[in-house]
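Undergrad: My questions all concern the structure below.
Residue numbers (this note's numbering), protein chains in the order written: chain R, 1 to 18; chain Y, 19 to 427.
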């Protein structure tokens, strides 16, 4: 669950960098 | 959820937690006999072996004496490495128990309750559950224990439960002290209410009709405490001495006579015929009384029927060892209910998580679909988990995903 939350955060970060 | 069981004994607490769906990642105790039984019943786990110097001291003194800080220096890092979400355990309660010798705060074993506390506050898992005798609450040790927990930010639920409310036919009162980081006091109470069993089992429910209408358990004290129980009643607390005391004759007490009359059962009195009606003060041979053997006492303590009390290989535990394990154990049905209460609390907490407006730009989801080739289900999952994660960091009012990610970590 925590991992899924982190993944979502990370994807948003990745998108912001793209 | 990863659980570490301290003072695990033969595994009563671990077993219940496992049944409630937790993953036991470590179990610690001083007694090798108990650890062997624990290991035999939790083959996946392999309890942490006792450090050698401790084993030496244990064999020498037959009792763990100095719970000095040296122990903590050794144990805290080891337990910390296991990264438990929950630490559970019943530190030895003999110093405070109404049964047997009572050393109270001055008993060196009372330091073990403090050791539990110091280990827990240092490892600092989100949750802990400590089990003990209710008498602990009146002690100086308990004051220190609760102060330490509060200082490290735990909200506490302090509750005396009766094991018969949780599936064991014993009338055994236990103190549950449960902590959750950052919670308000009493946080687990409503969930402990929810997991209470509707049916309070009696002796007969567990031992079956075949056992007969009477159960004998020699009273601990001289005086008026009875030793006979009807099997449609709940039974007294199973302690390490429950099976003993059948070699010497027993003198009937008035309360025993009332029980015998209520079931109309004949009891042979020394030197009297079969038709003799027993009176208080009569001496009876205790040898043939319905005491319950080790297996039956284990069932009354709510251990499953297939529990292995004699692990293969190694030295078989003596009868006294096993009785001590049963007497000291947290009834598995109680620990299962406590584990279930914790699970319900966590579910309740998740449902409470407020909906945070989805502040992420719609282009993000387009990017997920087009660039990352996510399907709708997966995008929805990212949306949901992202909202929950953002709810956690929302109070910090961060705008950049980079900062949010850092705050989340």
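Backbone N, C-alpha and C fix where the C-beta goes; we use that ideal spot for every residue, glycine too.
Label residue 252/Y either buried or exposed according to how many other C-beta atoms from any shown protein chain fall within 10 Å of its C-beta, with 16 as the threshold for buried.
TA: Counting Cβ neighbours within 10 Å, residue 252/Y comes out buried, since at least 16 surround it.
Undergrad: Helix, strand or coil, according to DSSP, for residue 40/Y in the structure here?
TA: Residue state, collapsed to three classes: coil.
Undergrad: Three Cβ pairs or more, each shorter than 8 Å: is that satisfied between the segment 129 to 145 of chain Y and the segment 174 to 186 of chain Y?
TA: The segment 129 to 145 of chain Y is not in contact with the segment 174 to 186 of chain Y.
Undergrad: Does residue 3/R have its Cβ less than 7 Å from a Cβ in chain Y?
TA: No, residue 3/R lies away from the interface with chain Y (no Cβ there is under 7 Å from its Cβ).
Undergrad: So that I know if they touch, is there some Cβ in chain R lying closer than 7 Å to that of residue 423/Y?
TA: True, the Cβ-Cβ gap to chain R drops below 7 Å.
Undergrad: Measuring straight from C-alpha to C-alpha, what distance separates residue 335/Y and residue 34/Y?
TA: Their backbone Cα atoms lie some 22 Å apart in a straight line.
Undergrad: Which bits of chain R does residue 406/Y rub up against, with CB to CB less than 7 Å?
TA: Within chain R, the residues near residue 406/Y are 5.
Undergrad: Looking at the C-beta of residue 246/Y, does it have a partner C-beta in chain R at a distance below 7 Å?
TA: No, because no Cβ of chain R sits closer than 7 Å to the Cβ of residue 246/Y.
Undergrad: Can you tell which of 44/Y, 49/Y, 109/Y has the C-alpha that lies nearest to the C-alpha of residue 98/Y?
TA: Checked all of 44/Y, 49/Y, 109/Y; the closest Cα to residue 98/Y is 44/Y.
Undergrad: Please state whether the Cβ-Cβ distance between residue 187/Y and residue 231/Y is less than 7 Å.
TA: No.
Undergrad: Helix, strand or coil: how does DSSP classify residue 100/Y here?
TA: If DSSP states are grouped into helix, strand and coil, residue 100/Y belongs with coil.
Undergrad: So, for residue 204/Y: in the same chain, excluding its five sequence neighbours on each side, which residues have a beta-carbon less than 6 Å away from its beta-carbon?
TA: 175.
Undergrad: Would you mind stating whether residue 30/Y and residue 347/Y have Cβ atoms separated by less than 7 Å?
TA: Against a cut-off of 7 Å, the Cβ pair of residue 347/Y and residue 30/Y comes out as a contact.
Undergrad: Using only the alpha-carbon positions, how far apart do residue 15/R and residue 402/Y sit?
TA: When rounded, the distance between both Cα atoms is 17 Å.
Undergrad: Work out the CA separation of residue 216/Y and residue 129/Y for me, nearest whole Å.
TA: Answer to the nearest angstrom: the Cα atoms are 37 Å apart.
Undergrad: Taking the alpha carbon of residue 300/Y as the point to measure from, which residue in 314/Y, 269/Y, 389/Y has its own alpha carbon closest?
TA: Here the closest residue by C-alpha is 269/Y.
Undergrad: I want to see whether chain R comes within less than 7 Å of residue 400/Y, judged by CB atoms only; does it?
TA: Yes - at least one Cβ of chain R is within 7 Å of the one on residue 400/Y.
Undergrad: Mind checking who residue 23/Y pairs with in its DSSP beta bridge?
TA: Answer is 45/Y, 106/Y, bridged to residue 23/Y.
Undergrad: Under 8 Å Cβ to Cβ from residue 207/Y, same chain only, skipping five residues before and after it: list those, please.
TA: Answer for residue 207/Y: 175, 177, listed in chain order.
Undergrad: Any chance you could list the beta strand (DSSP E) runs of at least 3 consecutive residues sitting entirely within the segment 343 to 410 of chain Y, in chain order?
TA: Correct list: empty.
Undergrad: Quick one: list the residues of chain R neighbouring residue 142/Y, beta-carbon separation under 8 Å, in chain order.
TA: By Cβ distance, chain R contributes nothing, its closest Cβ being about 17 Å from residue 142/Y, past 8 Å.
Undergrad: Closest Cβ-Cβ distance between residue 442/Y and chain R: below 7 Å?
TA: No information on residue 442/Y is available, as it lies outside the stretch 19 to 427 that chain Y covers here.
Undergrad: Below 8 Å on C-beta distance, what does residue 56/Y contact in chain R?
TA: Correct list: empty, because the minimum Cβ distance to chain R is about 29 Å.
Undergrad: Inspect the beta-carbon positions of residue 343/Y and residue 28/Y and report whether they are closer than 7 Å.
TA: Yes, these two residues count as a Cβ contact at 7 Å.
Undergrad: Can you grab the Cα-Cα spacing for the pair residue 105/Y / residue 195/Y, in whole Å?
TA: Distance between the alpha carbons of residue 105/Y and residue 195/Y is about 12 Å.
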